[in-house]
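Just so you know, the sequence shown maps onto residues 1 to 272 in full-length UniProt numbering. Note that beta-carbon positions come from the ideal geometry of N, C-alpha and C, so glycine has one too.
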Amino acid sequence: MATEKQKVVELEEKQKVIELEEKQKAVEVAQQREREFVLEKLKIQLEMQKLSQTSVKSPPVGGSYDNHSPGPSRTVPRFPSFRTEGRKPIQCYGCGTPGVIKSRCPTCKRANETITAVNCMTLSNLNSNSDPSSLIVLRIFGEKIAVCADTGASHTIAGEKLFKFLQERDIIFEKKIISLMMADGIRQTITALSAVVNLYIEGKVIPTEFLVLPEAKGNKTLLGRDFLNAAGIVLDVQGQKMVFCRKSSKTVRVLQEAFGRNSHQCVRTSRR
1 MATEKQKVVE LEEKQKVIEL EEKQKAVEVA QQREREFVLE KLKIQLEMQK LSQTSVKSPP
61 VGGSYDNHSP GPSRTVPRFP SFRTEGRKPI QCYGCGTPGV IKSRCPTCKR ANETITAVNC
121 MTLSNLNSNS DPSSLIVLRI FGEKIAVCAD TGASHTIAGE KLFKFLQERD IIFEKKIISL
181 MMADGIRQTI TALSAVVNLY IEGKVIPTEF LVLPEAKGNK TLLGRDFLNA AGIVLDVQGQ
241 KMVFCRKSSK TVRVLQEAFG RNSHQCVRTS RR
């Protein structure tokens, strides 16, 4: 009897274990189905969001928007291929290409393009020896120098180097207000420095007033018409000579100065 009871108890326990295992399997299956359902639901929601974003960005045919949309999209097609009422389609007025304006038309751009290749660039100096300055040789404080003769200048101008040279010889300059007109025709009133210096040329002594422009830097000395008239000099530019018209008809060769050379140089004169 005891053995039969033990068997019955064991069978009941086995039955309970089997029932518990079946319940656990059922719970696991239910949980798995629930997870699959949630995943499927999320996929559907993502697809719906993508569809809604696409419908907002691209307007329907005809150019009107749905009333349920949050508002008109700012990404309007730049060159619509459809016709709208009362408006002509965009086209290039240069060649007629549709959908583009002339400034962005690839056809017109290719027609106007000029293909260039720069392999070498040569920069030429503006200075030229084709029209050199006329130099007159004279003496000042025992020094023999050659300076430019300028028939376009009414007064004699002392360059920066000559100004320093005269200062070293204790020449006193006085301030003088002058009305100056440059080659561009503009007249201006400036304060210049003035001093009278004796110039020696071909045995003559010519007291000459030198004007100094304080703001001029690196300028050259110019013998103006005041000196040429006082010395009685006539320039023959083509013949590269000058003639003394008073008392004697002495002819002196005029030197030609190339640009970039020092105007204060030792020279020799030839007489006829």
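**Report entry** Close Cβ partners of K217 (< 8 Å) along its chain, the five nearest in sequence each way excluded
**Finding:** E160
Query - Chain-order list of residues whose beta-carbon lies under 7 Å from that of D150 (same chain, five-residue window excluded) - result: L222, L223, G224
Query raised in the report: Is the distance from the Cβ of L211 to the Cβ of I136 below 8 Å?
Result: Their beta carbons are not under 8 Å apart, which means L211 does not touch I136 by this criterion.
**Report entry** Own chain residues within Cβ distance below 7 Å of V197, not counting five before or after
**Finding:** Close CB contacts of V197 within its chain, under the 7 Å cut and outside five residues either way in sequence, are with I140, L166, I171, T208, F210 (chain order).
Query raised in the report: Rounded to the nearest angstrom, how far is the Cβ of L138 from that of Y200, given a contact under 8 Å?
Result: 6 Å
**Report entry** Nearest-angstrom Cα separation, counted from K175 out to G239
**Finding:** 39 Å
Query - Identified DSSP bridge partners for I145 - result: DSSP lists L138 as the beta-bridge partner residues of I145.
Query raised in the report: Who are the near neighbours of V237 in its chain, counting only those whose CB is closer than 7 Å to its CB and skipping five residues on each side?
Result: Counting only residues of its own chain and dropping the five nearest sequence neighbours on each side, V237 has a CB closer than 7 Å to the CB of S134.
Query raised in the report: When you compare only the Cα positions, how much space is there between M48 and C108?
Result: Their backbone Cα atoms lie some 45 Å apart in a straight line.
Query raised in the report: Cα-Cα, which of M181, F173, P214 is closest to S194?
Result: F173
Query raised in the report: By a C-beta neighbour count over all protein chains shown, 10 Å radius and 16 as the cutoff for buried, is C105 buried or exposed?
Result: buried
Report task. Could you tell me which residues DSSP puts in a beta bridge with Q45? Result -> BP columns for Q45 are empty, so no partner.
Requested in this report: Give every residue of the same chain whose Cβ lies closer than 7 Å to the Cβ of residue 276, excluding the five residues on either side of it in the sequence, and list them in chain order.
Outcome: The first residue shown for the chain is 1 and the last is 272, placing residue 276 beyond what the model contains.
Query raised in the report: P207 by DSSP, collapsed to three states: which one?
Result: Strand, per DSSP.
Query raised in the report: Using the C-alpha atoms, what's the distance from K14 back to K5?
Result: 14 Å
Query raised in the report: With DSSP run on the structure shown, which of helix, strand or coil describes P98?
Result: strand
Query raised in the report: Which same chain residues, not among the five before or five after M181, have their C-beta less than 6 Å away from its C-beta?
Result: Excluding residues within five positions, the ones whose Cβ falls inside 6 Å are R187.
Query raised in the report: Does DSSP put A195 in a helix, in a strand, or in coil?
Result: strand
**Report entry** Proximal residues to D226 (C-beta, below 8 Å), its chain only, five neighbours per side dropped
**Finding:** S154, H155, T156, T208, E209
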